[in-house]
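In what follows, a structure is listed as structure tokens, so that the remarks can point back to it.
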Ligand code: PCA
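In this note's numbering, the protein residues as written are 19 to 260.
Written out as structure tokens, the structure is:
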């Protein structure tokens, strides 16, 4: 399985962003694995401009089976495999170009939501079997991570590309329920161990299915004439990054 990995630079109150650091560390891990990284991209935490290098790469290259995009999630969440991206930009936190968004559409002519075609349940179960807490999330927030995910899923759908995409929010610290000894900051090694488990699972399924490990019920356009879908999951911030 050939992969493109992306992470983000620091934003808002964060002096570091472990998503970018984890992408760099995973590149070293790949030599020992059934997956190969064809490219890594460190993106700026900016609406639209952050996604531009990924869309550019998708347009020019058909060398990757899967784009796995990482971002830092909010406090007290475990690792989250994101199922949906919403067609909205809405955050009280400005992006790294000092741009504030207040409910604008990402694409005026786009569906309200896009869904990854990947089957997430086996990946979540694989992580849990190895003792790593992980949830499937139905809400990637309405900040820059969601913006990237929506633009990538939308591009793949419009261009009928065969590449798959997955967004993973990684935690700042661990849930006490998982570690048993209170929350502690997550290290890059922690993230690498968890992401390696995700990528091994994806590679296994790509090998089993000849390149299309998709959920047959997923990837449909989610139509809605309203101003946006209801909150589908409680573990999200009301507005902004999550
Ligand atoms: N997390 C933010 C944007 C960049 C990042 O790492 C988010 O969840 O939208």
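Backbone N, C-alpha and C define an ideal beta-carbon position, used for all residues, glycine too.
C-alpha gap between residue i and residue j, whole angstroms
| i | j | result |
| --- | --- | --- |
| residue 50 | residue 222 | 14 Å |
| residue 151 | residue 62 | 28 Å |
| residue 118 | residue 138 | 32 Å |
| residue 131 | residue 92 | 21 Å |
| residue 36 | residue 89 | 8 Å |
| residue 189 | residue 96 | 6 Å |
| residue 170 | residue 202 | 33 Å |
| residue 22 | residue 42 | 12 Å |
| residue 228 | residue 217 | 16 Å |
| residue 164 | residue 156 | 11 Å |
| residue 233 | residue 74 | 27 Å |
| residue 111 | residue 226 | 42 Å |
| residue 47 | residue 26 | 19 Å |
| residue 168 | residue 149 | 30 Å |
| residue 209 | residue 109 | 26 Å |
| residue 142 | residue 87 | 16 Å |
Own chain, CB closer than 7 Å to residue i, minus 5 neighbours either side, in chain order
| i | result |
| --- | --- |
| residue 45 | 55, 58 |
| residue 181 | 76, 82, 83, 84, 85, 174 |
| residue 140 | 219, 223 |
| residue 125 | 105, 172 |
| residue 246 | Here residue 246 scores only 39 on pLDDT, less than 50, and its place in the model is too uncertain to base an answer on. |
Residue-level contact to chain C via CB, residue i, 8 Å cutoff
| i | result |
| --- | --- |
| residue 207 | The structure shown contains no chain C; it is built from a single protein chain. |
For residue i, the nearest candidate out of the options (CA to CA)
| i | options | result |
| --- | --- | --- |
| residue 52 | 25, 20, 139, 115 | 20 |
| residue 30 | 161, 228, 233, 133 | 161 |
| residue 147 | 212, 64, 26 | 212 |
| residue 176 | 110, 127, 109 | 127 |
Contacting residues, own chain, Cβ-Cβ under 6 Å from residue i (five flanking each side not counted)
| i | result |
| --- | --- |
| residue 39 | 206 |
| residue 145 | 152, 215 |
| residue 187 | 89, 91, 98 |
Local conformation of residue i per DSSP, three classes
| i | result |
| --- | --- |
| residue 64 | coil |
| residue 47 | helix |
| residue 143 | helix |
| residue 135 | coil |
| residue 214 | helix |
| residue 169 | helix |
| residue 227 | helix |
| residue 31 | coil |
Cβ-based neighbour list, residue i, same chain, cut-off 8 Å, excluding 5 preceding and 5 following
| i | result |
| --- | --- |
| residue 34 | 28 |
Assumed close pair residue i, residue j - CB separation to whole angstroms, cut-off 8 Å
| i | j | result |
| --- | --- | --- |
| residue 101 | residue 133 | 6 Å |
| residue 65 | residue 113 | 5 Å |
| residue 69 | residue 136 | Going by Cβ atoms, the distance from residue 69 to residue 136 rounds to 19 Å, so no, they are not a contact pair. |
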